[in-house]
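A.B. asks: This structure is in structure tokens; I'll ask about it shortly.
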Amino acid sequence: MRPVPPAALDDASLAESLARLARAGEDLRWLTPKDRSSLERSTGLLGPHLEEALRRAFAPYTPGACRRLVRKARSPATPDHDRVLLAILAGPIPALATGVIFPALAARFAVRIRPSAREPRFARLILSLVSRVTPELAPSLGLVPLRSGDPRLDREVRDAPVVLAYGTDETLRSLAALRRDRPLLGGGHRESLVVLDGPSLASPATRRRLARAVARDVCVYDQGGCLSPTLLVLGPGAQGDCLLADLREALSRQTLRWPVRPPSLEVRGWLRLQVEALKDRTTGPGGSCWSPPGALTPTLAVLPTGVPPLRPSPGHRVLQVIRTGDPADLPRLVPDLADHLQGIAITGDPERWWRRLPESFRAPYRCRPGRLQAPPAGWPENGRPLHLALAQIGNPVTDTPARGAAVTPARRRR
Amino acid sequence: MTPPDGPIPGPTLADLEPRVRAFIEADSPDPRVFRDLWLAIATAQGLRSPGDRRALGSLRPVPEEAFKTREVACFDPAEAQAEFRSSGTTTGQPGRHLVRDLSLYRLSVVTGFRRFVLYEPRPRVFVRLIPEGTVRPHSSLSRMIDFVVAAFAEEPPIPVRQGNHLDVEAFRSACARARESRRPLCLMATTLDLLTLVAGMGERDEPLPPGSRVMHTGGAKASGRAVDRSALRRDLERLLAVSPDDVVEEYGMTELMSQAYDSPRVVPGPRRFQPVPWMQTRVVDPVSLRPVATGRQGLLLHLDLANLHTAVAILTGDLARRVGDGFGEVRRLPGALPRGCSHEAATRTSRVTTPTPEGRP
Numbered sequence: 006m007r008p009v010p011p012a013a014l015d016d017a018s019l020a021e022s023l024a025r026l027a028r029a030g031e032d033l034r035w036l037t038p039k040d041r042s043s044l045e046r047s048t049g050l051l052g053p054h055l056e057e058a059l060r061r062a063f064a065p066y067t068p069g070a071c072r073r074l075v076r077k078a079r080s081p082a083t084p085d086h087d088r089v090l091l092a093i094l095a096g097p098i099p100a101l102a103t104g105v106i107f108p109a110l111a112a113r114f115a116v117r118i119r120p121s122a123r124e125p126r127f128a129r130l131i132l133s134l135v136s137r138v139t140p141e142l143a144p145s146l147g148l149v150p151l152r153s154g155d156p157r158l159d160r161e162v163r164d165a166p167v168v169l170a171y172g173t174d175e176t177l178r179s180l181a182a183l184r185r186d187r188p189l190l191g192g193g194h195r196e197s198l199v200v201l202d203g204p205s206l207a208s209p210a211t212r213r214r215l216a217r218a219v220a221r222d223v224c225v226y227d228q229g230g231c232l233s234p235t236l237l238v239l240g241p242g243a244q245g246d247c248l249l250a251d252l253r254e255a256l257s258r259q260t261l262r263w264p265v266r267p268p269s270l271e272v273r274g275w276l277r278l279q280v281e282a283l284k285d286r287t288t289g290p291g292g293s294c295w296s297p298p299g300a301l302t303p304t305l306a307v308l309p310t311g312v313p314p315l316r317p318s319p320g321h322r323v324l325q326v327i328r329t330g331d332p333a334d335l336p337r338l339v340p341d342l343a344d345h346l347q348g349i350a351i352t353g354d355p356e357r358w359w360r361r362l363p364e365s366f367r368a369p370y371r372c373r374p375g376r377l378q379a380p381p382a383g384w385p386e387n388g389r390p391l392h393l394a395l396a397q398i399g400n401p402v403t404d405t406p407a408r409g410a411a412v413t414p415a416r417r418r419r
Numbered sequence: 039m040t041p042p043d044g045p046i047p048g049p050t051l052a053d054l055e056p057r058v059r060a061f062i063e064a065d066s067p068d069p070r071v072f073r074d075l076w077l078a079i080a081t082a083q084g085l086r087s088p089g090d091r092r093a094l095g096s097l098r099p100v101p102e103e104a105f106k107t108r109e110v111a112c113f114d115p116a117e118a119q120a121e122f123r124s125s126g127t128t129t130g131q132p133g134r135h136l137v138r139d140l141s142l143y144r145l146s147v148v149t150g151f152r153r154f155v156l157y158e159p160r161p162r163v164f165v166r167l168i169p170e171g172t173v174r175p176h177s178s179l180s181r182m183i184d185f186v187v188a189a190f191a192e193e194p195p196i197p198v199r200q201g202n203h204l205d206v207e208a209f210r211s212a213c214a215r216a217r218e219s220r221r222p223l224c225l226m227a228t229t230l231d232l233l234t235l236v237a238g239m240g241e242r243d244e245p246l247p248p249g250s251r252v253m254h255t256g257g258a259k260a261s262g263r264a265v266d267r268s269a270l271r272r273d274l275e276r277l278l279a280v281s282p283d284d285v286v287e288e289y290g291m292t293e294l295m296s297q298a299y300d301s302p303r304v305v306p307g308p309r310r311f312q313p314v315p316w317m318q319t320r321v322v323d324p325v326s327l328r329p330v331a332t333g334r335q336g337l338l339l340h341l342d343l344a345n346l347h348t349a350v351a352i353l354t355g356d357l358a359r360r361v362g363d364g365f366g367e368v369r370r371l372p373g374a375l376p377r378g379c380s381h382e383a384a385t386r387t388s389r390v391t392t393p394t395p396e397g398r399p
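First to last, the sequence lines map onto chains A and B.
6 is the number of the first residue of the first sequence in the working numbering; add one for each residue after it.
39 is the number of the first residue of the second sequence in the working numbering; add one for each residue after it.
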């Protein structure tokens, strides 16, 4: 049966239902041991790491946040049959699914989820949680268990009133071709970075705190998400030597706290090549490349001044450090990140940096280190909060996406 | 007398070159000399710390990626006698191997080929499906075959490949001449060209005289086509009367000056690649970089003395299984760019040559 939008609920009831769902999800007791094992297999996140990932998936949706989402997502009277979102998920991160479900329901959209091919379990589990905890929302959610390349999925993509998609740039391009001029929300590949300025590193205690915060952002999800920092930029006045020692320790500790499934031989081989390429790149003055003895990752590679980082970023907890006194260097060092930055964690006076950053490097999400991977409900993913983007669907006058957002113009269908 | 400050300098690369040449030319080189030489070269190239007693443990192998991002050369690049390039079709950034001394490459190629391919009865007639170096000046494989032909062929090779086409009729007449003269023939090709040739020959066989052999290289790394080596050998036996034991496979890389061969007549036992004596190939665990046990898979790490002027130790994006003293089942890492000689493969067979787009720069 096709899901229907949660039209019958008033604003307060809808917000209360969403908050109840979030509380139940965050509690983690809803998962059986069998569910946990299957999620460990499909996400690759083990034990406490999986628990952290699951908590982060639900934590932003506090009662207050849910009320705000519902209130702000009030939209012109779009007909119910147009309030259906087909969400094509990618990757192993549970927060991606909740990041679609909560804002979409708040905007009174039904959601049809095509689970990630890599991690298909969580979407099924959350649907069963919804049936148990908030049965009033259950009719608004459904699954589309079709594989990429299946002509039936292509048909779904073509015909859905609204599509939200995650994946590679290539995937997004092929979906855009199917959608033509119909609304397609989403973004292709994106990454994040951390900028630390000199004064913030002056005190040893602050430095250690920052190192731990950066390590958490790097290690959670094994650097598998668009808010995972892959680059650490040491800004003006930042003498990084003491910080690097703190970072090595913090990365080592965090890696033990948040374990991942051992990678396959192919991934280990590929990572070895990446690490050796980084060692090769960091042989110049001021460069260094560190990994713990007997392990490939975490890796902390400090690039000599002027040497560009390895691109694409290897992931799997490899952090590259570049020193620059001038934010305007970024386009030269990492030109491929133009319009592909999702978040920047920054210390000191962010405005000073912001003004000097080219517009294509102004990530839609800006925060303090340690908060990159814990965005609030309604954060401007890909340039615009999803609940607001959905609220504007069908209202072309207000449909002006933020720069960098891969949003095709919405169209009044009749 | 007061000892000088700092470590005693080791031999320079110039000091080591005559020893490397002598090692390559030796009939049965001493493995202990190999160890001394590669450690000395690695130290002189800055790939390991002087005085470190450990061998692989202290080694900083050069990843093949480095040939794409910088000039890997222990000499002034302006003095390079040749520049070999790996495929850059996908990224637009080819790997560049600067060759300071082509005579060292020639020595390595000719000595290795003689040992692993030209066992008795030695063929004197050669057919090459691999383009000449004048056509592909940046191809290390083309240059290798040029050296082989110049060193061993009694007459110019019969032109079978023209541009990107294989002329099957020209190949048939070469086979007929070999039969008439009863002189064994050596066919040299990329693996994919060989598949194309076999397909182009259909069911009409051209039995070659005893002692004939086939040398192919490149596998299907570049194409994504599945290559069934056993089936290929059976086809060659059926069509050319070449025994599977006389089908020799070569493993080489643009970044290497030496090769490995799967040559059953020279290396009895299970089929496997065995490097020339002046190159050692370790199948290593990606994490520890230590050699894996036989039967296990790992990354290929080559120690090539002939890479005297670039990098003696190269870590590749090739996964392989260790088979005794050699290796087999070579495949590219997923995520590593496809590469290899088969980029040079012809695309079709025909009697009349017509131009088709090139597969590789």
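Here a beta-carbon is modelled for each residue, glycine too, at the ideal position from N, C-alpha and C.
1. Are there 16 or more other CB atoms within 10 angstroms of the CB of residue 255 (chain B), so buried, or fewer, so exposed?
2. What's the gap between the Cα of residue 187 (chain B) and the Cα of residue 194 (chain B)?
3. Comparing C-alpha positions only, which one of B:144, B:66 and B:87 sits nearest to residue 297 (chain B)?
4. Can you find a C-beta in chain B that's less than 8 Å from the C-beta of residue 282 (chain A)?
5. Against chain B, which members of the segment 182–213 of chain A pass a CB distance test of less than 7 Å?
6. For residue 357 (chain B) and residue 371 (chain B), which I take to be in contact (beta-carbon distance under 8 Å), what is that distance rounded to the nearest angstrom?
7. Using a beta-carbon distance cut-off of less than 9 Å, what residues from the segment 261–277 of chain A approach chain B?
8. At what residues does the beta strand (DSSP E) containing residue 162 (chain A) begin and finish?
9. Given this structure, state the Cα-to-Cα distance separating residue 228 (chain B) from residue 110 (chain B), to the nearest angstrom.
10. Given this structure, state the Cα-to-Cα distance separating residue 227 (chain A) from residue 142 (chain B), to the nearest angstrom.
11. In angstroms with no decimal places, state the Cα-to-Cα distance between residue 363 (chain B) and residue 69 (chain B).
12. Between the C-alpha atoms of residue 225 (chain B) and residue 209 (chain B), what's the straight-line distance to the nearest angstrom?
13. Name the DSSP bridge partner or partners of residue 287 (chain B)?
14. Note down, in chain order, every chain A residue with its Cβ under 7 Å from the Cβ of residue 355 (chain B).
15. Excluding sequence positions up to five away, which residues of its chain have a Cβ less than 7 Å from the Cβ of residue 122 (chain A)?
16. Going along chain A, which residues have a C-beta under 7 Å from residue 103 (chain B)?
17. If you count every other CB in all the chains shown that lies within 10 Å of the CB of residue 13 (chain A), and 16 or more means buried, which is it?
18. Look at residue 395 (chain A) and residue 167 (chain A) and say whether their C-beta atoms are less than 8 Å apart.
19. Verify the CB distance criterion: does residue 368 (chain B) have a CB-CB separation below 8 Å to chain A?
20. If we ignore side chains and look at the alpha-carbon of each, how far apart do residue 19 (chain A) and residue 75 (chain A) end up?
21. So what does DSSP say about residue 98 (chain A), is it helix, strand or coil?
22. Using a 10 Å radius around the Cβ and a threshold of 16 neighbouring Cβ atoms, would you call residue 300 (chain B) buried or exposed?
23. What residues are listed by DSSP as bridge partners for residue 370 (chain A)?
24. How long is the line joining the alpha carbons of residue 272 (chain B) and residue 281 (chain B), rounded to whole angstroms?
25. Which whole runs of the beta strand (DSSP E) in the segment 96–154 of chain B are 3 residues long or more, in chain order?
26. Name, please, each residue of chain B whose Cβ falls closer than 7 Å to the Cβ of residue 285 (chain A).
27. Residues of chain A with CB closer than 8 Å to the CB of residue 325 (chain B), please, in chain order.
28. Give the C-beta separation of residue 135 (chain A) and residue 128 (chain A) to the nearest angstrom, bearing in mind that I take them to be a contact with Cβ-Cβ under 8 Å.
29. With DSSP as the reference, please indicate the residues paired to residue 340 (chain B) in a beta bridge.
30. Note down the Cα distance separating residue 11 (chain A) from residue 185 (chain A), rounded to an integer number of angstroms.
31. What in chain A is Cβ-close to residue 372 (chain B), meaning under 8 Å?
32. Can you list the residues of chain A that residue 297 (chain B) reaches, using a CB-CB cut of under 9 Å?
33. Can the beta-carbon of residue 277 (chain A) be found less than 8 Å from the beta-carbon of residue 329 (chain B)?
34. Please say whether residue 344 (chain B) and residue 168 (chain B) have beta carbons closer to each other than 8 Å?
35. Indicate whether the contact test is met: 3 or more Cβ pairs, each with one atom in the segment 172–192 of chain B and one in the segment 146–163 of chain B, closer than 8 Å.
36. Give the DSSP bridge partners of residue 226 (chain B), in chain order.
C.D. replies: Looking at the coordinates:
1. buried
2. 8 Å
3. B:144
4. yes
5. none
6. 6 Å
7. 270, 271, 272, 273, 274, 275, 276 and 277
8. No beta strand (DSSP E) contains residue 162 (chain A), which is instead part of the alpha helix (DSSP H) from 156–164.
9. 27 Å
10. 46 Å
11. 13 Å
12. 10 Å
13. B:254 and B:300
14. 278
15. 152 and 153
16. 278 and 282
17. exposed
18. yes
19. no
20. 7 Å
21. coil
22. buried
23. A:348
24. 8 Å
25. 120–123 and 134–137
26. 100, 101 and 104
27. 273, 277, 299, 300 and 301
28. Contact doesn't hold; Cβ gap of about 11 Å is too wide.
29. B:319 and B:352
30. 28 Å
31. 271 and 275
32. The premise fails here: residue 297 (chain B) is roughly 22 Å from chain A at the closest Cβ pair, so nothing lies under 9 Å.
33. no
34. no
35. yes
36. B:166 and B:253
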